[in-house]
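Student: Below: one structure in structure tokens.
Residue numbers (this note's numbering): 41 to 331.
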């Protein structure tokens, strides 16, 4: 329990109890939502999922309702409070990003949901790039047979491995390394690849590691302020299709695949397309959130 627990609990007791409006789970009403929900984390998680499900309807054109249901079920099973620094775990279910140290964050719940639903491994194998606290890996573990999660920051990788093991996740392997490095993984290894860090293009090694029929989800853009979440589908060994899901803003990918700025804002959608053979991009929602 964090240092705010007593004050938040007192505010909840002083408030007239009633139904928690789904619309209250919003970036502009953080305090209002926090004092409206019960003390129990499981109940807060349920309220968060109800709000997330409503928000995810906007992505239905690119992501199936069944995929969204699978992502929501997986997120419902993961105690987000266990992946937040203990001093602020009372804020775990708010619609916001949390700093976890060493210039890394735990992503906004909506971004976690978007990566999970768009990736939709259907009990396949997953590569999670950028382990961070381990929360995205834990969510993907509820949708996959096995998750390989790679983190370039050693301290985060070690603490995430310890945390996930302690929580009983037996189908997650946490590795230390640069997932975007060429040749890091054998070709056609994963059914789904999710990357919670932005770059100008999708690293070639990650594209190669995707199985035919697989799905890769990653924020791409000339800069952090110009990123789009991209869904890449490998239709055959040589043909890819990609869809621009929505504007986002993530921490930058580090290592070999890190961003090198080029082009103009008007040129970057075509720049994304130029890295993916043969298919013109389509567009999605226009909302934007930090990772």
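Ideal Cβ positions, reconstructed from N, Cα and C, are used throughout, including at glycine. Computed from a prediction, not measured in an experiment: that's the story for all the values here.
Runs of 4 residues minimum, wholly inside the region 212–271: which ones carry the alpha helix (DSSP H) assignment?
Tutor: As far as the region 212–271 is concerned, its whole alpha helix (DSSP H) runs of at least 4 residues are 244–249.
Student: According to DSSP, simplified to helix, strand and coil, what is residue 147?
Tutor: DSSP places residue 147 in coil when its eight states are reduced to three.
Student: Tell me the DSSP secondary structure of residue 304 in three-state form.
Tutor: Only weak support is given to the placement of residue 304: the predicted model assigns it a pLDDT of 48, under 50, and the value that follows is read from those uncertain coordinates. Looking at residue 304 - three-state DSSP - the assignment turns out to be coil, as it is neither helix nor strand.
Student: State the start and end residues of the unbroken alpha helix (DSSP H) segment that holds residue 48.
Tutor: Where residue 48 is concerned, the enclosing alpha helix (DSSP H) stretches over 45–54.
Student: Within the chosen definition, does the region 203–213 reach the region 254–270 through at least 3 CB pairs nearer than 8 Å?
Tutor: At 8 Å Cβ cutoff, the stretches do not touch.
Student: Apart from the five residues on each side of it in sequence, which residues of its chain come closer than 6 Å, Cβ to Cβ, to residue 259?
Tutor: So the list reads 238, 267, 269, 288, 290, once near-sequence residues are dropped.
Student: For residue 179, does the three-state DSSP call read helix, strand or coil?
Tutor: Here residue 179 sits in helix by DSSP.
Student: If you follow the beta strand (DSSP E) that residue 340 is in, where does it begin and where does it stop?
Tutor: What the structure shows of the chain is the stretch from 41 to 331, and residue 340 is not part of that stretch, so it cannot be assessed.
Student: Identify the continuous beta strand (DSSP E) that holds residue 104 and give its terminal residues.
Tutor: Note, residue 104: premise wrong, no beta strand (DSSP E); not H, not E.
Student: Is residue 190 helix, strand or coil when you go by DSSP?
Tutor: Strand at residue 190.
Student: Give every residue of the same chain whose Cβ lies closer than 7 Å to the Cβ of residue 218, excluding the five residues on either side of it in the sequence, and list them in chain order.
Tutor: For residue 218, where only same-chain residues beyond five positions count, the Cβ hits under 7 Å are 192, 224, 295, 296.
Student: Taking Cβ to Cβ, would you say residue 228 is nearer than 7 Å to residue 251?
Tutor: Yes; because the gap between Cβ atoms is below 7 Å, this pair is in contact.
Student: Spatial neighbours of residue 167 within its chain, please: C-beta separation below 6 Å, excluding the five flanking residues on both sides.
Tutor: Closer than 6 Å at the Cβ level, and outside the excluded window around residue 167, lie 188, 230, 233.
Student: Opposite residue 279 in the DSSP bridges: which residues?
Tutor: 276, per the DSSP bridge assignment.
Student: Reducing DSSP to helix, strand and coil, say where residue 292 ends up.
Tutor: Correct three-state label for residue 292: strand.
Student: Inspect the beta-carbon positions of residue 299 and residue 240 and report whether they are closer than 7 Å.
Tutor: Yes, they are a contact pair.
Student: Apply the 10 Å Cβ neighbour rule to residue 97 and answer buried if 16 or more other Cβ atoms are within range, or exposed otherwise.
Tutor: With fewer than 16 Cβ atoms within 10 Å of its Cβ, residue 97 is classed as exposed.
Student: Check whether the region 98–106 and the region 79–89 touch, using three or more Cβ-Cβ pairs below 8 Å as the test.
Tutor: In short, these stretches do not touch, since the Cβ pair count stays below three.
Student: Shortest alpha-carbon distance to residue 135 belongs to which of 236, 85, 157, 141?
Tutor: If we check each option's Cα against that of residue 135, 85 comes out closest.
Student: Alpha carbon to alpha carbon, how far is residue 157 from residue 110? Give it in angstroms, no decimals.
Tutor: If I take the Cα positions, the gap works out to 7 Å.
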